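Participant:
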Amino acid sequence: MKKYSIQTLNENKRMSTQELLQLITAKVEEGYTDFEINACGQHNIGGSVWAKDRAQSLHFLLRNPGQRVGAMALKGTDIFVEGSAPADVGWLNSGAEIIVDGDCGDTAAHCAAGGKIYVSGRVGTRSGALMKHDPKFESPEFWVLKNTGSFSFEFMGGGIAVVCGYDCDEFSSVLGNRSCVGMVGGVIYVRGKIQDIAECVKIVNLDENDINFLNSGLKEFLNKINKLDLYTSLSNFLDWKKIIPCTKNDNTKKMSVSEFKEKVWVKDGIFSDFVRDDFKVFPIPSPGEGRFHIPSWNAENCINCKICINNCPQSAIEENDKIYKSNPEKCIGCGICSAVCSKKCWTISDNRQEIA
Amino acid sequence: MAAVNINQLHLDDLPWIIEYDETKCIQCGKCTAVCSFGAIKPVVETRRRLSGGLQKPSFEKLLVIKQQISFEHACRGCGMCSRVCPNGAIKAVRNENDRYSVRYRAEKADSLKKGGRSNLNTEGRTLDKIKIGRISQMTDPSLDAARHKFELRTPFGRILSADKLNFCVKDGKVESTVQLPPNRWIYPILMGDMSIGAVSWRMWEAMAIATAYLNEVMGMPVRMCTGEGGIPVKLLKSRFVKYMILQIASGHFGWNRIVQAMPEMTEDPAGILIKIGQGAKPGDGGLLMASKVARYVQEIRGVPRADLLSPPTHQGLYSIEESVQKMFLSMNAAFNFRVPVAIKVAASVTSVSVYNNLLRDPYNIVGGFFIDGLAAGTGAAHEISLNHTGHPITSKLRDCYLAAVHQGRQGEIPLFAGGGLGQTGSFAADAFKLICLGANGVFTGRLLLEIAGCVGNDTGKCNSCNTGLCPAGIATQDVCLTKRLDIDKVAQNIVNYFIATDIELKKLMGPVGNSTIPIGRSDALITVDKHVSNRLDIQYVC
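Taken in order, these protein sequences are the chains called H and Z. In this text, residue positions in the first sequence follow my numbering: the first is 51, and each later residue adds one. In this text, residue positions in the second sequence follow my numbering: the first is 19, and each later residue adds one.
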């Protein structure tokens, strides 16, 4: 293992990001695999670089890096940041192991789709946003010892995030506010208070598989950040919850308006002291009360020809001893009886009822 | 064959003609059963069939559906017949040779009346010529409509400018030395002003239920304005009255009951709206045809069954100053100055003068200015008013807002705009554009009817709200018609529409970068019409 050390600040002259990244690439091509870099805010360190022999891994020990540590890094790269790192740690991480022994800035693990990111402190706002999991590769993991900022895990599509909620007593939520908006996939394990989370996710209890995963993962994580002593206090899995996206079926069911009218609204309706309404709905057309026209029969000219009976489309007309009657349960008030009767026995009147 | 007289009303004079295909008809009678206008009837027609050779011609009798030719039974084109026909054998077709309005006046010596909205619409809609063109694209972070918590609330009530608050420090606390006028933070879309009587009791209650549901289940502080037809006492005495803005118009209908109920009310209403005029028939008073003055409407309004005409003006008011001193003062006093009082006028060339006068209100009792544009709907109006009077809402709202801006007093009396919103299917966009032009919020009535299932449209279909024969059970008091309306379904649909509109408003707020409603953010608007650009003072683009 050939080791190469880089000082990025020499006599007040700072190496640019371009110079540093090109130097790293050149040294990797020369066969160096182990880098110790005293950075000066240079971006993207540890990413977009790989050994010719892909079986060989690259190791980075970083101090004071700039944004996007390990951006687009591949499997076989491991990065250890001594102290904190600014925004976008592990941006588009595609397989590297990144350890930050401190806090991370905003959008840590943004779009990570592989590898593991371990953080021994807090991470900023929008962390874990758009994490994904391509089933042809290992699922990305994102471990945070303390808490995340607001709007984290937005539009998360896959992968596993673990927020251990250590040293968070002062916060009302270990995920800040309004996290998980647009989350459609993946899992977030959380220990501690959660508030103001997006409506598209649900918080559920752990099952046995979850506990097994967390149990072994937690040990590995704490080991990586050299805090195994916290294992006991973090491994009471009753303190943990799991956040997963809602499916169509378990969209939080709100009371229907009908139910509201039944249970909450003024009993029998606001007009009930002077309008009697059973709230039944008449189909159109409908017989009985719902008829707009009502036929009535007059015996005077009837020749008992039964043309009304034969032509009534509802078979509503009954004859009994030469007395004709339209059955209101069947009659819809079409007026055909009146139309076909040559003797004008049937008259049709409007049913202009008023509510009582 | 009966002879005809040329002055007789003929099928060709009617606005709608029934197209009937007897080869498809199975004489089921559904179309004639459902037609509330009695515009079609089953009849037996005699047909003569010629036979060959020396045989005599034969006659056959056929049962067919026939359109009635009379003013009373004229087809309104509502289309209920085709809705129920199992075979598509019947439909109402617009008659391009329609002479109905001429014949009606010539015959009846009376003005033509109708409901719905103006059917002229010759100007094209200004709001459709405006787009939201200032989108945050790296200039500032755009807001994600799903992520952000948007504050869709607007003040309703008088806002005092900072210099009038007279803050002082008392015992280490900041206090205002003046009594603050009442103010409510409400959803920027109000349901409104349709009176009991104009709409059926089911329609009215459905709106009230939807309002309560939106507040209590959805957490959306939507307010409903009652219209001028009174309010059921059960509602007044319930807690739900706090979502209601009580209206008082020139008829003062229903206020006796409100006053009687006051000692037993447990909640204050959301506000009071003094209605001076309405956009659909500005300068004319309310009109409720006798056919809709059902017993319960008589009771609640305290009148007999008759055509109810509200006077065009409040009888006791003679000037703007007096309105402030007398009407605003009385209505503020009604609930001991705890409830904001606003005023609604029809948009007019003179609206700005009115608004300017109100802005000078020395008593801080003017809590809102509602302007109703000419595309508003109505339950009944003289067609002459509906089609030929009024003022479009957009420029007038803008004028009022800019008048306040020029005095540095925008927002002190919140502006609400309405009249024909959602006419072309994009209610949220209309609301948003008016808000960007300076409205604190908007109100809508006719749209609620459409949500409820109104079968009419703005090009003359149905528009029979005035007849009391509404085939959808919305604008009627008739039992068998009203019971066609499913109150649960209507309330649910109104709720759903508000939820959808809420999502859509956020979809517009996000791109312009506002998490609160963008009142007066006209920089967000663009137009391809130079005249609209000049008139509204928004950016012209091409």
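Note that beta-carbon positions come from the ideal geometry of N, C-alpha and C, so glycine has one too. These figures come from a predicted structure and were not determined experimentally.
If you count every other CB in all the chains shown that lies within 10 Å of the CB of Ala352(Z), and 16 or more means buried, which is it?
Facilitator: Counting from one through the second sequence, the residue named residue 352(Z) turns up at place 334. With 16 or more other Cβ atoms within 10 Å, it is buried.
Participant: Does any residue of chain H bring its CB to less than 8 Å from the CB of Cys16(Z)?
Facilitator: Nothing can be reported for residue 16(Z), as the shown portion of chain Z is limited to 19 through 560.
Participant: Can you tell me whether Gln85(Z) is helix, strand or coil according to DSSP?
Facilitator: Residue numbering aside, residue 85(Z) sits at position 67 when the second sequence is read from its first letter. The answer is strand: DSSP assigns Gln85(Z) an E or B state.
Participant: Pick helix, strand or coil for Gln155(Z), following the three-state DSSP scheme.
Facilitator: Here residue 155(Z) refers to the residue found at position 137 when the second sequence is read from its first residue. Three-state result, Gln155(Z): coil.
Participant: Glu368(H) touches chain Z at which residues, Cβ-Cβ below 8 Å?
Facilitator: What you label residue 368(H) is simply residue 318 of the first sequence in a count that begins at 1. Correct list: empty, because the minimum Cβ distance to chain Z is about 17 Å.
Participant: In the DSSP assignment, the beta strand (DSSP E) including Pro173(Z) goes from what residue to what residue?
Facilitator: Sequence index remark: in the second sequence, residue 173(Z) carries index 155 (1-based). Segment Thr172 to Gly175, the beta strand (DSSP E) holding Pro173(Z).
Participant: Step through the CB atoms of chain H and report whether any lies within less than 8 Å of the CB of Pro239(Z).
Facilitator: Residue 239(Z) sits at position 221 when you count from the first residue of the second sequence. No - not a single Cβ of chain H is within 8 Å of the one on Pro239(Z).
Participant: Are the CB atoms of Leu487(Z) and Ser54(Z) within a distance shorter than 8 Å?
Facilitator: Here residue 54(Z) refers to the residue found at position 36 of the second sequence. Here residue 487(Z) refers to the residue found at position 469 of the second sequence. The answer is yes: Cβ separation under 8 Å.
Participant: Under 8 Å, Cβ to Cβ, is there at least one residue of chain H near Val372(Z)?
Facilitator: For this step, residue 372(Z) is matched to residue 354 along the second sequence. Chain H, which has no Cβ nearer than 8 Å to the Cβ of Val372(Z), makes this no.
Participant: Whose Cβ in chain H lies nearer than 8 Å to the Cβ of Gln510(Z)?
Facilitator: Here residue 510(Z) corresponds to residue number 492 of the second sequence, with the count starting at 1. Going along chain H in sequence order, the residues near Gln510(Z) (Cβ under 8 Å) are Ser306, Val307 and Ser308.
Participant: Classify Ser403(Z) as helix, strand or coil using the three-state DSSP reduction.
Facilitator: Here the question's residue 403(Z) lines up with position 385 in the second sequence. Three-state DSSP puts Ser403(Z) in a helix.
Participant: Would you kindly work out how many angstroms separate the C-alpha atoms of Lys316(Z) and Gly269(Z), rounded to a whole number?
Facilitator: The count along the second sequence starts at 1 and reaches residue 316(Z) at position 298. The count along the second sequence starts at 1 and reaches residue 269(Z) at position 251. Here residue 316(Z) is Gln; the residue named in the question, Lys, does not match the sequence. Straight-line Cα distance between these residues: approximately 13 Å.
Participant: CA-CA distance, Leu415(Z) and Val131(H)?
Facilitator: Here residue 415(Z) refers to the residue found at position 397 when the second sequence is read from its first residue. Here residue 131(H) refers to the residue found at position 81 when the first sequence is read from its first residue. Leu415(Z) and Val131(H): Cα-Cα distance of roughly 60 Å.
Participant: Could you tell me whether the Cβ atoms of Cys49(Z) and Ile87(Z) are closer together than 8 Å?
Facilitator: As a position in the second sequence, residue 49(Z) is number 31, starting the count at 1. As a position in the second sequence, residue 87(Z) is number 69, starting the count at 1. Their beta carbons are not under 8 Å apart, which means Cys49(Z) does not touch Ile87(Z) by this criterion.
Participant: Tell me the start and end of each unbroken beta strand (DSSP E) in the region 351-402 of chain H that is at least 3 residues and wholly inside, in chain order.
Facilitator: Qualifying beta strand (DSSP E) stretches, in chain order: 367-370, 373-376 and 396-400.
Participant: Let me know if Pro287(Z) comes out buried or exposed under the rule of 16 or more other beta-carbons within 10 Å of its beta-carbon.
Facilitator: In the second sequence, the residue the question calls residue 287(Z) occupies position 269. Result: buried.
Participant: What do you reckon, are the CB atoms on Gly174(H) and Cys161(H) nearer than 8 Å?
Facilitator: Start at 1 with the first residue of the first sequence, and residue 174(H) comes out as number 124. Start at 1 with the first residue of the first sequence, and residue 161(H) comes out as number 111. Not a contact, by the Cβ cut-off of 8 Å.
Participant: I want to verify the contact list: residues of chain H whose CB lies under 8 Å from the CB of Ala51(Z), in sequence order.
Facilitator: Along the second sequence, one-based indexing puts residue 51(Z) at 33. What Ala51(Z) touches in chain H: Pro335, Arg341, Phe342, His343, Ile382, Gly383, Cys384 and Gly385.
Participant: So does Met345(Z) have its beta carbon nearer than 7 Å to some heavy atom of the ligand ZN?
Facilitator: Within the structure as shown, the ligand ZN is missing, as the structure has no ligands at all.
Participant: Using a C-beta cutoff of 8 Å, does Ser365(H) count as contacting chain Z?
Facilitator: To locate residue 365(H), count along the first sequence from 1; it is residue 315. By this cut-off, Ser365(H) is not an interface position.
Participant: With DSSP as the reference, identify every bridge partner of Leu291(Z), one or two as the case may be.
Facilitator: Counting from 1 along the second sequence, the entry for residue 291(Z) is found at position 273. Leu291(Z) is bridged to Gln265(Z) and Ala360(Z).
Participant: Quick one, which of Ala398(Z), Asn201(Z) and Ile35(Z) has its alpha-carbon nearest Asn115(Z)'s?
Facilitator: Translated into the one-based positions of the second sequence, residue 115(Z) becomes position 97. Minimum Cα distance to Asn115(Z) is reached at Ile35(Z).
Participant: Quick one: grab the DSSP three-state call for Ile44(Z).
Facilitator: Against the second sequence, residue 44(Z) aligns to sequence position 26. It is coil, neither helix nor strand.
Participant: Using DSSP bridges, identify the partner residues of Met209(Z).
Facilitator: Walking along the second sequence from the start, residue 209(Z) turns up at place 191. DSSP, once it has assigned bridges, lists Met242(Z) and Thr462(Z) as partnering Met209(Z).
Participant: So that I know if they touch, is there some Cβ in chain Z lying closer than 8 Å to that of Ile320(H)?
Facilitator: In the first sequence, residue 320(H) corresponds to position 270, counting from 1. Yes, its Cβ sits closer than 8 Å to a Cβ of chain Z.
Participant: Please return the same chain residues whose Cβ sits closer than 7 Å to the Cβ of Gln364(H), not counting the five positions on each side in sequence.
Facilitator: On the first sequence, residue 364(H) is found 314 positions in, with the first residue counted as 1. Answer for Gln364(H): Lys380, Cys381 and Ile382, listed in chain order.
Participant: I'd like to check one pair, Val460(Z) with Leu232(Z): are the Cβ atoms closer than 8 Å?
Facilitator: For the purposes of this step, residue 232(Z) is identified with residue 214 of the second sequence, where counting begins at 1. For the purposes of this step, residue 460(Z) is identified with residue 442 of the second sequence, where counting begins at 1. Contact flag unset, no.
Participant: Quick one: which residues of the region 67-96 of chain Z get their C-beta closer than 8 Å to a C-beta of chain H? List them in chain order.
Facilitator: Listed in sequence order: Leu81.
Participant: So what does DSSP say about Cys11(Z), is it helix, strand or coil?
Facilitator: There is no way to answer for residue 11(Z), as the model of chain Z reaches only from 19 to 560.
Participant: Assuming Gly12(Z) contacts Gly133(Z) under a Cβ cut-off of 8 Å, what Cβ separation, rounded to an integer in Å, is found between them?
Facilitator: In the structure as shown, chain Z begins at 19 and stops at 560. Residue 12(Z) is therefore absent and cannot be evaluated.
Participant: Can you grab the Cα-Cα spacing for the pair Ser76(Z) / Glu37(Z), in whole Å?
Facilitator: Position 58 of the second sequence, counted from the start, is the residue given in the question as residue 76(Z). Position 19 of the second sequence, counted from the start, is the residue given in the question as residue 37(Z). Looking at the two C-alpha atoms, the distance is approximately 27 Å.
Participant: Using beta-carbon positions only, say whether Phe355(Z) and Pro200(Z) come within less than 8 Å of one another.
Facilitator: Here residue 355(Z) refers to the residue found at position 337 of the second sequence. Here residue 200(Z) refers to the residue found at position 182 of the second sequence. Contact flag set, yes.
Participant: Counting along the chain, where does the beta strand (DSSP E) carrying Ala422(Z) start and finish?
Facilitator: Here the question's residue 422(Z) lines up with position 404 in the second sequence. Careful: Ala422(Z) lies outside any beta strand (DSSP E), inside the alpha helix (DSSP H) at Ile411 to His424.
Participant: Among the residues of its own chain, which have a CB less than 8 Å from the CB of Ile207(Z), if the five just before and after it don't count?
Facilitator: Residue numbering aside, residue 207(Z) sits at position 189 when the second sequence is read from its first letter. Excluding positions up to five away in sequence, the list reads Val240, Ala449, Gly459, Val460, Phe461, Thr462, Phe516 and Thr519.
Participant: Between which two residues does the alpha helix (DSSP H) harbouring Tyr281(H) extend?
Facilitator: The residue given as residue 281(H) occupies position 231 in the first sequence. Tyr281 to Leu284 is the span of the alpha helix (DSSP H), which, as asked, contains Tyr281(H).
Participant: Going along the chain, which residues of its own chain have a beta-carbon closer than 8 Å to the beta-carbon of Ala470(Z), five neighbours each way excluded?
Facilitator: Stepping through the second sequence from its first residue, residue 470(Z) is reached at position 452. Cβ neighbours of Ala470(Z) beyond the five flanking positions: Met221, Ala224, Ala490, Ile492, Leu503, Val508, Asn511 and Ile512.
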